[in-house]
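Peer 1: The opening position of the sequence shown corresponds to residue 1 in the UniProt record's numbering, with each subsequent residue numbered one higher.
Note that beta-carbon positions come from the ideal geometry of N, C-alpha and C, so glycine has one too.
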Amino acid sequence: HHFAVLTVNTPKTKNRKIITVNQKQTRQNPKEKSEEKEKNICGMSDIFCRDCNMLTEVVFDHSAGDTICSECGLVLESRSVDETSEWRSFADESNGNDPNRVGGPVNPLLADGGLSTIISGPSNGASSNALPSSVGRWQCRASKPDRHLLNIFSAIAIMADRLGLVTTIKDRANEIYKKVEDQRPLRGRNQDAVVAACLYIACRQENKPRTVKEICSAVSGASKKEIGRAKEFIWKHLEVEIGQEIGTIHAGDYLRRFCSNLGMKNLEVKAAQETVQKSEDLVIRRSPISVAAAVIYIITQLSDDKRTFKDISLATRVAEGTIKNSYKDLYPHLPRLIPNWFAKEEDVKNLCN
């Protein structure tokens, strides 16, 4: 490769010197990686030029934000914004000035919106984190309420990540905790149980319900009973004192996730959904989770891939005895619950009671 300096004299470029790379070979060769490296060093890339009517090498002028054609000198794009990071910081860098010039996003759930002022200490050696005792004491005192909320929000985020929950559910759980905390402080209660209860209710309100057992599996410092008590306390507070509805759950809300855990086929999932939808017209005193588990068992018995009560129990976290009892309650109604396109009436009648 040969480097050349091209002086472009146009009204916009103003005698700007552009470094170009004269590439004679058009085929790929073993030196392709080194060529790309040279291009990156020179700040060059291939872009279509409307004046040259072909792909040409361009030069990026980062100071002016211009993209310039190296063949004709035309400014293809001006005042572009460089979206790459301005700086990088590393965890082991304790010395030097902090390059941060902005804080985090505004959080309306915090007292000051998360825009509090923090006084940094001197940056001279080992005492860089030191502050005068009076200043440090006032700084800690002013941020204590927000620090408690930030710890709770962090715990909610960690628990939500373990359960694979989306950001909207995390935000809703944060709002629930903040509302209840403002009206009735939750200090003295098991915070792990309270956080789990907020996530449970948030899932209900976002129409992505999770069972208490699923929530409990992501918590290490609270039992199912403690989570249930915290849930009832927050539930009652939201409905009675704030007037916010929790939302009802249906068997279909759990069905697709349970079917996914078992690796069921699309036709089987569709048949299970139709069966669950028809079962809502029946008066069956069973929880939606138990009904969903029983319907999945029925559909698998009518398909080629039969599953046992134990398999269904492991996938749904519902006890085998509960699934069996729900199955017995649904059995008399199966002929009108199972879709005709999925199973024949004779096959449905041949199912064991």
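(1) Exposed or buried, what is R162 when buried is set at 16 or more other beta-carbons lying within 10 Å of its beta-carbon?
(2) In chain order, what residues of the same chain lie with their CB nearer than 6 Å to the CB of I47, ignoring the 5 residues before and after it?
(3) Specify, as a first and last residue, the run of the beta strand (DSSP E) that V212 falls within.
(4) Under 8 Å, do L302 and A343 count as touching if we go by C-beta distance?
(5) Specify, as a first and last residue, the run of the alpha helix (DSSP H) that F258 falls within.
(6) Please classify P288 as buried or exposed, where buried requires at least 16 other C-beta atoms within 10 Å of its C-beta.
(7) Report the option in Q205, L165, I169 and K178 whose CA atom is closest to the CA atom of I152.
(8) So the candidates are A293, K236, I299 and I323; which of them puts its Cα closest to the Cα of L267?
(9) According to DSSP, simplified to helix, strand and coil, what is Q23?
(10) Given 8 Å as the limit, is there contact between the region 273-280 and the region 328-338, that is, 3 or more CB pairs closer than that?
(11) From this set, F60, C352, G228 and N53, which residue's C-alpha is nearest C198's C-alpha?
(12) Under a three-way DSSP split, which group does F48 fall into?
(13) Which of the three DSSP states, helix, strand or coil, is assigned to F342?
(14) On the three-state DSSP scale, how would you describe T322?
(15) I249: which of N261, A218, E181 and V291 sits nearest, CA to CA?
(16) In whole angstroms, what is the alpha-carbon distance linking D61 and L76?
(17) I want to know whether the region 194-213 touches the region 252-261 - three or more CB-CB distances under 8 Å.
(18) Can you tell which of Q191, E71 and T67 has its C-alpha closest to the C-alpha of V81?
(19) Taking buried to mean at least 16 other C-beta atoms within 10 Å of its own C-beta, is R147 buried or exposed?
Peer 2: So, from the data block:
(1) Against the sequence shown, residue 162 aligns to sequence position 162. Result: exposed.
(2) Here the question's residue 47 lines up with position 47 in the sequence shown. Closer than 6 Å at Cβ, skipping near neighbours: V58.
(3) Walking along the sequence shown from the start, residue 212 turns up at place 212. Looking at the DSSP string, V212 is not in any beta strand (DSSP E); the run it does join, the alpha helix (DSSP H), is V212 to S217.
(4) Counted from its first residue, the sequence shown places residue 302 at position 302. Counted from its first residue, the sequence shown places residue 343 at position 343. For L302 and A343, yes; Cβs fall inside 8 Å.
(5) Taking the first residue of the sequence shown as position 1, residue 258 is located at position 258. Secondary structure note for F258: its alpha helix (DSSP H) is the uninterrupted segment A251 to L262.
(6) If you number the sequence shown from 1, residue 288 lands on position 288. P288 comes out buried.
(7) Against the sequence shown, residue 152 aligns to sequence position 152. Cα-wise, what sits closest to I152 is K178.
(8) To locate residue 267, count along the sequence shown from 1; it is residue 267. Considering only alpha carbons, the answer is I299.
(9) Within the sequence shown, residue 23 is the residue found at index 23, counting from 1. Residue confidence for Q23 is low, a pLDDT of 39 falling below 50, so the modelled location carries little weight; the figure read from the coordinates is stated next. Three-state result, Q23: coil.
(10) Counting Cβ pairs under 8 Å, three or more are found: they touch.
(11) Counting from one through the sequence shown, the residue named residue 198 turns up at place 198. Looking at the Cα atoms, G228 is the closest of the given residues.
(12) Translated into positions along the sequence shown, residue 48 becomes position 48. Three-state DSSP puts F48 in a strand.
(13) Within the sequence shown, the letter at position 342 stands for residue 342. Here F342 sits in coil by DSSP.
(14) Here residue 322 corresponds to residue number 322 of the sequence shown, with the count starting at 1. Helix.
(15) Working through the sequence shown from its first residue, we reach residue 249 at position 249. Selected option, being the one with the closest Cα: V291.
(16) Taking the sequence shown and counting its residues from 1, one reaches residue 61 at position 61. Taking the sequence shown and counting its residues from 1, one reaches residue 76 at position 76. Rounded to whole angstroms, D61 to L76 spans 11 Å at the Cα level.
(17) Taking one beta carbon from each stretch, the region 194-213 and the region 252-261 have 3 or more pairs nearer than 8 Å; the two touch.
(18) Here the question's residue 81 lines up with position 81 in the sequence shown. Per the Cα distances, T67.
(19) The sequence position of residue 147 within the sequence shown is 147, counting from 1. In summary, R147 is exposed, with fewer than 16 beta-carbon neighbours lying within 10 Å of its beta-carbon over all protein chains present.
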